[in-house]
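**Q**
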Amino acid sequence: MRPISLDGFDRKFANDDDPWSTFTDGDEALKRRAVLHAIGTGPWGRVLEVAAGNGSNSAAIASRALRLDATEGTESGTALVAKALKGRRRAHALKLVIPDRLPRVQYDVIVVAEVLYYLSLRDMIQTARDLAATLRSGGTLVLAHHRVDYPDFAQHAAHLQRAFLQATRRRWNVRVSRRTGRWVVLACRLRR
Numbered sequence: 026m027r028p029i030s031l032d033g034f035d036r037k038f039a040n041d042d043d044p045w046s047t048f049t050d051g052d053e054a055l056k057r058r059a060v061l062h063a064i065g066t067g068p069w070g071r072v073l074e075v076a077a078g079n080g081s082n083s084a085a086i087a088s089r090a091l092r093l094d095a096t097e098g099t100e101s102g103t104a105l106v107a108k109a110l111k112g113r114r115r116a117h118a119l120k121l122v123i124p125d126r127l128p129r130v131q132y133d134v135i136v137v138a139e140v141l142y143y144l145s146l147r148d149m150i151q152t153a154r155d156l157a158a159t160l161r162s163g164g165t166l167v168l169a170h171h172r173v174d175y176p177d178f179a180q181h182a183a184h185l186q187r188a189f190l191q192a193t194r195r196r197w198n199v200r201v202s203r204r205t206g207r208w209v210v211l212a213c214r215l216r217r
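Below, the structure is given as structure tokens:
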């Protein structure tokens, strides 16, 4: 595997608003519905979306949140997220390279989709601890990731979500929202 860099992602988004067809692909629409099912009907108070990419999930997530912080690590991606959220006053696109200081000290729901395998093990562990520390007691962490590897990953996908949850050093009630041969979406409730 040869991991893609943030510069590589930035170039992808600068050259194509939807490099993985996340707005138009039927499988991506199914995954988005699974993410929304994992979030629940809401509306939830404060929601954090980590690595929002081009914003293909952001508008749908915003409909479940009173306040959405949709973060993205690239300039071009952040601009695309802002475009996807246009007209939603309580939803904001923010540039954030994880692990780094999160925009707020507490969230009711955190969505982490399609990013863990791009992080080094060290960065993933730090991100896991940071996110767990900002999720309110009883809050929901949604994880949505591939189960198969792609050549630009930094880590293998198969058991990565389980490793992420273990790295938080917290206890979780985990429910599978949807699983296919290629991806899985988990709803993880932080135990009180």
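Residues in the sequence shown are numbered from 26 upward in steps of one, following my numbering. Ideal Cβ positions, reconstructed from N, Cα and C, are used throughout, including at glycine.
1) Where GLU139 and LEU55 are concerned, what is the direct C-alpha to C-alpha distance, given to the nearest angstrom?
2) Which value, in whole angstroms, describes the spacing of the CA atoms of LEU160 and ARG214?
3) Note down the Cα distance separating ALA39 from VAL167, rounded to an integer number of angstroms.
4) Under the three-state reduction of DSSP, which class applies to THR66: helix, strand or coil?
5) Would you call the stretch 91-98 and the stretch 144-160 in contact, with 3 or more CB pairs under 8 angstroms?
6) Starting from ILE135, follow its DSSP beta bridges and name the residues at the other end.
7) List the residues that DSSP assigns as beta-bridge partners of ASN198.
8) Which of the three DSSP states, helix, strand or coil, is assigned to LYS37?
9) Whole angstroms is fine: what's the gap from THR193's alpha carbon to GLY98's?
10) Following the continuous alpha helix (DSSP H) through ALA104, name the residue where it begins and the one where it ends.
11) What three-state label does DSSP hand ASP125 in the structure shown?
12) Please state if the CB of GLY70 and the CB of ASP133 are separated by a distance shorter than 8 angstroms.
13) Leaving aside the five residues before and after ALA59 along the sequence, list all residues of the same chain whose C-beta is less than 6 angstroms from its C-beta, in chain order.
14) Looking at C-alpha atoms only, which residue of GLY78, LEU31 and VAL72 is the closest neighbour of PRO44?
15) So, does the CB of ASP50 fall closer than 8 angstroms to a CB anywhere in chain D?
16) So what does DSSP say about VAL209, is it helix, strand or coil?
17) Taking buried to mean at least 16 other C-beta atoms within 10 Å of its own C-beta, is TYR228 buried or exposed?
18) Would you check if the distance between the CB atom of LEU141 and the CB atom of HIS117 is smaller than 8 angstroms?
19) By Cβ distance, which residues of its chain are closer than 7 angstroms to ASP42, with the 5 residues on each side in sequence left out?
**A** Let's see:
1) Locating residue 139 in the sequence shown gives position 114, counting from the first residue. Locating residue 55 in the sequence shown gives position 30, counting from the first residue. Going from the Cα of GLU139 to the Cα of LEU55 covers about 14 angstroms.
2) The sequence position of residue 160 within the sequence shown is 135, counting from 1. The sequence position of residue 214 within the sequence shown is 189, counting from 1. Taking the straight line from one Cα to the other gives about 10 angstroms.
3) Along the sequence shown, read from residue 1 onward, the residue named residue 39 stands at position 14. Along the sequence shown, read from residue 1 onward, the residue named residue 167 stands at position 142. C-alpha separation (whole angstroms): 28 angstroms.
4) Within the sequence shown, residue 66 is the residue found at index 41, counting from 1. Residue state, collapsed to three classes: coil.
5) No: fewer than three Cβ pairs fall under 8 angstroms.
6) Position 110 of the sequence shown holds residue 135. LEU73 and LEU166.
7) Stepping through the sequence shown from its first residue, residue 198 is reached at position 173. In the DSSP output, where bridge partners are listed per residue, ASN198 has ARG214.
8) Residue 37 sits at position 12 when you count from the first residue of the sequence shown. Helix.
9) Counted from its first residue, the sequence shown places residue 193 at position 168. Counted from its first residue, the sequence shown places residue 98 at position 73. Between THR193 and GLY98, the C-alpha separation is close to 21 angstroms.
10) Here residue 104 is taken as the residue at index 79 of the sequence shown, counted from 1. Counting along the chain, the alpha helix (DSSP H) containing ALA104 begins and ends at 100-109.
11) Along the sequence shown, one-based indexing puts residue 125 at 100. It is coil, neither helix nor strand.
12) Locating residue 133 in the sequence shown gives position 108, counting from the first residue. Locating residue 70 in the sequence shown gives position 45, counting from the first residue. Yes; because the gap between Cβ atoms is below 8 angstroms, this pair is in contact.
13) In the sequence shown, residue 59 corresponds to position 34, counting from 1. The residues are SER202, ARG203 and VAL210.
14) Within the sequence shown, numbered from 1, the residue matching residue 44 stands at position 19. When each option's Cα is compared against that of PRO44, the closest is GLY78.
15) Annotation note: the requested chain D is absent from the structure, which comprises a single protein chain.
16) Locating residue 209 in the sequence shown gives position 184, where the first residue counts as 1. In this structure, VAL209 counts as strand in the three-state DSSP scheme.
17) The chain is shown from 26 up to 217; residue 228 falls before or after that span and cannot be answered.
18) What you label residue 141 is simply residue 116 of the sequence shown in a count that begins at 1. What you label residue 117 is simply residue 92 of the sequence shown in a count that begins at 1. Not closer than 8 angstroms, so no.
19) In the sequence shown, counting from the first residue as 1, residue 42 sits at position 17. Contacts found: ASN79 and LEU105.
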